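Participant:
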Amino acid sequence: MGEVDVLLKRVLDLTDAQNRWRQLETINLIASENVMSPLALKVYLSDFMYRYAEGKPFKRYYQGTKYIDELEVLTAKLIGEMLGTDLVETRPISGTIANASVFRVLADPGDKAVIAPVQAGAHVSHTKFGTLGALGIEQVEMPYDAENMNVDVDGAVKLIEKVKPKFAVLGGSVYLFPHPVREIADAVHAVNGKLVYDAAHVFGLIVGGAWHNPLKLGADAMTASTHKTFPGPQGGIVAFTDEKLYKKVSKTIFPWFLSNHHLHRIPALAVTTLEMKVYGKEYASNVVANARKLAECLVEEGLDVVGEHLGYTRSHQVLVDVRKNGGGAKAAKLLEDANIILNKNLLPWDPPSAVKDPSGLRIGTQEVTRWGMGRSEMCEIAKFIADVLVRKKDPGIVKKNVIEFRKNYNKVNYALEADVATLLDLSR
Ligand SMILES: *Cc1c(COP(=O)(O)O)cnc(C)c1O
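Numbering (our numbering), first residue to last: 3 to 430.
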């Protein structure tokens with residue numbers, strides 16, 4: 003074989019290994035991931051993936067965009083209907099870009115933003131270490147209420163009255179319980195600021211009615227990723243109640259934060275939105291019920307689950323305190339060796355410096371739910387986890403059982419089917 007053949011074989015082998023491992027052989031509990039339906043995948047692999055459409059629908063800078071124009075308007079309308087607004091931007095190519103596009107319009111460098119405490123789940127993009135910092139916006143953190151594992155509402159309201167920020171941010175990456183949207187919206191509006199709710203993690207739960215809709219509770223904009231509990235292509239959206247803000251973000255996202263917006267996302271996003279329209283309610287309620295069941299079964303198996311006094315969780319997430327099981331870094335690695343994929347995570351009491359070996363594990367039930375698993379399967383998963391972390395079984399042996407278990411769950415549920423025989427197959 004020539005050099006190119008060898009390299010090509012390596013590329014193909016690595017891709018195939020990934021497909022087999024993560025699609026067929028692992029239990030994926032990463033809280034920010036999901037799988038697309040076969041139909042969404044089918045439309046994702048379309049001619050749109052090579053094309054450009056800078057600007058807004060029907061006002062593009064290039065020719066050749068008539069179909070994406072229509073699709074983009076349709077997709078925004080479908081998402082808007084599920085959220086109760088007709089102001090939706092589908093162009094952000096990620097949740098981070100969605101945040102950047104809104105933050106930049108709401109504040110200039112040197113202005114202040116009040117953000118949820120990191121212990122209550124704030125994402126790095128809300129902080130001085132991420133997008134907020136890159137935009138030169140000053141971060142002021144709300145106080146944390148350890149008892150309720152949430153924003154300290156009274157403290158946050160007082161802080162907002164004092165700081166008078168341009169905007170506040172709620173929503174996060176690691177949170178079990180809904181943030182106090184109404185109270186913070188009222189406080190920030192009273193000082194002429196805006197509220198941005200970052201629904202990256204919970205967008206799928208919101209459209210399925212299993213999580214409160216921040217736009218109905220006073221948020222001026224809701225940013226989201228489209229690939230976490232919302233099981234679509236990687237990307238972002240922003241939905242607004244504030245029309246002036248919508249217009250300004252729409253005008254500036256191109257060219258400030260993107261030129262092209264990865265057009266093949268759009269039909270896949272539309273298909274996924276229709277799937278959520280039909281199955282979202284059932285899917286979202288199962289995701290949350292599965293999270294709570296998994297928490298209960300993990301406790302029965304001898305693990306320490308965070309938030310017992312609050313009922314463990316109301317989201318898709320479960321947090322496990324694994325200090326007595328070797329710590330987060332070791333636990334996550336051992337579980338990976340058993341084909342159970344999740345991530346180590348800081349727990350509310352960890353100092354930021356513990357990031358390399360934090361106390362906890364973060365678990366999400368959205369993908370296993372989509373693979374058709376229910377309450378009894380959550381207890382089987384808890385057993386596999388306890389086999390490794392409590393009973394200290396050899397991860398290599400547990401892995402064999404996990405692979406066997408996964409064989410029963412190889413079809414994506416809550417998915418629409420359609421006759422795609424007429425679609426030109428680009429993988430020809
Ligand atoms: C994941 C996440 C993001 C970033 O989303 P990407 O689509 O990965 O850029 C933003 N905010 C929160 C709260 C997140 O959890």
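C-beta: ideal position from N, C-alpha, C; glycine also. All of these numbers come straight from a predicted model, not from anything done at the bench.
Do you know how far the Cα of Met-144 is from the Cα of Gly-138?
Facilitator: Along the sequence shown, read from residue 1 onward, the residue named residue 138 stands at position 136. Along the sequence shown, read from residue 1 onward, the residue named residue 144 stands at position 142. Taking the straight line from one Cα to the other gives about 19 Å.
Participant: Does the segment 409-420 come close enough to the segment 274-293 to have 3 or more Cβ pairs within less than 8 Å?
Facilitator: Flag = yes, the segment 409-420 and the segment 274-293 touch.
Participant: Does the beta-carbon of Ser-127, which I'm using as the reference point, lie nearer than 7 Å to any heavy atom of ligand 1?
Facilitator: Taking the first residue of the sequence shown as position 1, residue 127 is located at position 125. Yes, since a heavy atom of ligand 1 falls inside the 7 Å radius drawn around the Cβ of Ser-127.
Participant: Name the DSSP beta bridge partners of Leu-197, please?
Facilitator: As a working mapping, residue 197 is identified with position 195 in the sequence shown. Answer by DSSP bridge pairing, in chain order: Ala-170.
Participant: Measure the C-alpha to C-alpha separation of Val-404 and Gly-398 and round it to an integer number of angstroms.
Facilitator: For this step, residue 404 is matched to residue 402 along the sequence shown. For this step, residue 398 is matched to residue 396 along the sequence shown. Approximately 10 Å between the Cα atoms of the pair.
Participant: Run through DSSP, which three-state label would Gln-319 get?
Facilitator: Working through the sequence shown from its first residue, we reach residue 319 at position 317. DSSP places Gln-319 in strand when its eight states are reduced to three.
Participant: Give the DSSP-derived three-state secondary structure of Met-278 in the structure shown.
Facilitator: In the sequence shown, counting from the first residue as 1, residue 278 sits at position 276. It is helical.
Participant: I'd like the span of the alpha helix (DSSP H) that includes Ser-355, first residue to last.
Facilitator: On the sequence shown, position 353 is the one that residue 355 refers to. No alpha helix (DSSP H) contains Ser-355, which DSSP labels as neither H nor E.
Participant: Could you round the C-beta distance between Leu-178 and Gly-309 to whole angstroms and report it? I think they count as a contact, below 8 Å.
Facilitator: Along the sequence shown, one-based indexing puts residue 178 at 176. Along the sequence shown, one-based indexing puts residue 309 at 307. About 5 Å separates the two Cβ atoms, so the contact holds.
Participant: When the distance is taken between beta carbons, is Gln-141 closer than 8 Å to Thr-129?
Facilitator: In the sequence shown, the residue the question calls residue 129 occupies position 127. In the sequence shown, the residue the question calls residue 141 occupies position 139. Yes, the pair counts as a contact, with Cβ atoms nearer than the cut-off.
Participant: Under the criterion of a Cβ to heavy atom distance below 7 Å, does Gly-174 qualify as lining ligand 1?
Facilitator: Stepping through the sequence shown from its first residue, residue 174 is reached at position 172. Yes.
Participant: Can you grab the Cα-Cα spacing for the pair Lys-160 / Gly-174, in whole Å?
Facilitator: If you number the sequence shown from 1, residue 160 lands on position 158. If you number the sequence shown from 1, residue 174 lands on position 172. Near 21 Å, if we compare the C-alpha coordinates of Gly-174 and Lys-160.
Participant: Rounded to whole angstroms, what's the CA-CA distance from Leu-337 to Leu-296? Just pull it up for me.
Facilitator: The residue you call residue 337 lines up with position 335 of the sequence shown. The residue you call residue 296 lines up with position 294 of the sequence shown. Their Cα atoms are separated by approximately 16 Å.
Participant: Is any heavy atom in ligand 1 found nearer than 7 Å to the beta carbon of Thr-98?
Facilitator: Indexing the sequence shown from 1 puts residue 98 at position 96. True, at least one ligand heavy atom lies under 7 Å from that Cβ.
Participant: Quick one: grab the DSSP three-state call for Lys-409.
Facilitator: Within the sequence shown, the letter at position 407 stands for residue 409. Coil at Lys-409, not helix or strand.
Participant: Check whether the Cβ atoms of Val-104 and Thr-225 sit closer than 8 Å, and answer yes or no.
Facilitator: Reading the sequence shown from its first residue, position 102 is the one you call residue 104. Reading the sequence shown from its first residue, position 223 is the one you call residue 225. Yes. Within cutoff.
Participant: Relative to the C-alpha of Ala-293, which residue among Tyr-281, Gly-157, Val-307, Lys-283 is closest?
Facilitator: Locating residue 293 in the sequence shown gives position 291, where the first residue counts as 1. That would be Val-307, whose Cα lies nearest to the Cα of Ala-293.
Participant: How many whole angstroms separate the CB atoms of Ile-95 and Gly-238, which I take to be in contact at a CB cut-off of 8 Å?
Facilitator: Residue 95 sits at position 93 when you count from the first residue of the sequence shown. Residue 238 sits at position 236 when you count from the first residue of the sequence shown. About 7 Å; that satisfies the 8 Å criterion.
Participant: Work out the CA separation of Trp-213 and Asn-287 for me, nearest whole Å.
Facilitator: Here residue 287 refers to the residue found at position 285 when the sequence shown is read from its first residue. Here residue 213 refers to the residue found at position 211 when the sequence shown is read from its first residue. Just to set this straight, residue 287 is Ser in the shown sequence, not Asn. Roughly 9 Å separates the two Cα atoms.
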